[in-house]
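*Asks:*
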Amino acid sequence: MYIMRCLIIFALFNVNCLCGEDFLTPVVEDAESDENFYHDNRVYSVIYKSVNKYYCSIGVDDEYLLIYGTKKWTFPAQDVNLTLSYPTETTRASPDHYEDYIITGFRVNLFIDSVESRGYISSGGLLEESISLSFVSSNISAMGYQFWLYGIPKSVRQYQNLQTNFIRMCVSK
């Protein structure tokens, strides 16, 4: 009997509420305003076809985030070679900044309007003081990236152990 009451209540609810005119015909208001609430600070979007993720790390405890960077572009369709380097020319001018750290890992998210890209370590690598990464994409018109680079101070005792215990991973030859 209880199940029958539930079915009757459900049927009445379905007919009266879900099939009523208010449910089938939404209220839409079209209003225009001369006032610009956002002061022309519009955010424009770009649709990327794929996100390619590149990652290499030796998994060291207490590593520091040395740098984080992000940027995006749109342009006429072309072949693109994106190069991300650490240290940059500006940080090389202040050698204390980069000579005290050894690179232990990186992560790059590459957003492109194509399905294929290739990534290379063009110089340096993990357990070194510098790294240069190149990403090649063909016939694209939009690109963006996020870049994280991790390292540990050379003064950390763990660094000496890494030099002897790990095979050099992700190093360009």
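Going by mature numbering (1 follows the signal peptide of the UniProt record, and there is no 0), the letters in the sequence shown line up with residues -19 to -1, 1 to 154, in that order.
Backbone N, C-alpha and C fix where the C-beta goes; we use that ideal spot for every residue, glycine too.
Can you tell me where the beta strand (DSSP E) with Val61 in it begins and where it stops?
*Replies:* Unbroken beta strand (DSSP E) run through Val61: 45 to 67.
*Asks:* Just to confirm the assignment: which complete alpha helix (DSSP H) runs, minimum length 4, are found wholly within the region 93 to 121?
*Replies:* Fully enclosed alpha helix (DSSP H) runs of 4 or longer: not present.
*Asks:* Give me, in chain order, the residues of the same chain whose beta-carbon lies closer than 8 Å to that of Asp3; leave out the 5 immediate sequence neighbours on both sides.
*Replies:* Low local confidence applies: a pLDDT of 47 at Asp3 is under 50, so the model's placement there is unreliable, with the coordinate-based value given in what follows. The answer is none, since no qualifying residue turns up.
*Asks:* Can you tell me which of Ser38, Ser98, Lys53, Asp60 puts its alpha carbon nearest to the alpha carbon of Ile112?
*Replies:* Nearest C-alpha to Ile112: Ser38.
*Asks:* For Glu97, is the classification buried or exposed, using 16 other Cβ atoms within 10 angstroms of its Cβ as the cut-off for buried?
*Replies:* It is exposed - the Cβ of Glu97 has fewer than 16 other Cβ atoms within 10 Å.
*Asks:* Can you tell me where the beta strand (DSSP E) holding Ser38 begins and where it ends?
*Replies:* Element bounds for Ser38: 31 to 38.
*Asks:* Rounded to whole angstroms, how far is the Cβ of residue 209 from the Cβ of Leu91, which I believe are closer than 8 Å?
*Replies:* No statement about residue 209 is possible, as the shown extent of the chain runs from -19 to 154 and does not include it.
*Asks:* Is it right to say Ile28 is buried, meaning 16 or more other beta carbons lie within 10 angstroms of its own, or is it exposed?
*Replies:* It counts as exposed.
*Asks:* Whole-angstrom Cβ separation of Leu63 and Tyr131, contact assumed at under 8 Å?
*Replies:* Not really, about 20 Å apart at Cβ, beyond 8 Å.
*Asks:* Which of the three DSSP states, helix, strand or coil, is assigned to Ile28?
*Replies:* The answer is coil: DSSP assigns Ile28 none of H, G, I, E or B.
*Asks:* With DSSP as the reference, please indicate the residues paired to Val89 in a beta bridge.
*Replies:* Beta-bridge pairing links Val89 to Tyr35, Phe128.
*Asks:* Among the candidates Ser119, Val137, Lys30, Asp42, whose CA atom is the shortest distance from the CA of Gly86?
*Replies:* Checking every option, the nearest Cα to that of Gly86 belongs to Asp42.
*Asks:* For Tyr36, which residues from the same chain have a beta carbon less than 6 Å from its beta carbon, with the 5 sequence-adjacent residues on both sides left out?
*Replies:* Around Tyr36: Arg88.
*Asks:* Quick one: using the 10 Å Cβ neighbour count with 16 as the cut-off for buried, is Gly50 buried or exposed?
*Replies:* It is exposed - the Cβ of Gly50 has fewer than 16 other Cβ atoms within 10 Å.
*Asks:* From Leu65, Lys52, Val61, pick the residue whose C-alpha is nearest to that of Ser95; which is it?
*Replies:* Nearest option by C-alpha distance: Val61.
*Asks:* Gln59 to Ile121, Cα distance in whole Å?
*Replies:* Each residue's Cα considered, the two are about 5 Å apart.
*Asks:* Taking the straight line between their C-alpha atoms, what separation do you get for Phe56 and Ser119?
*Replies:* Going from the Cα of Phe56 to the Cα of Ser119 covers about 13 Å.
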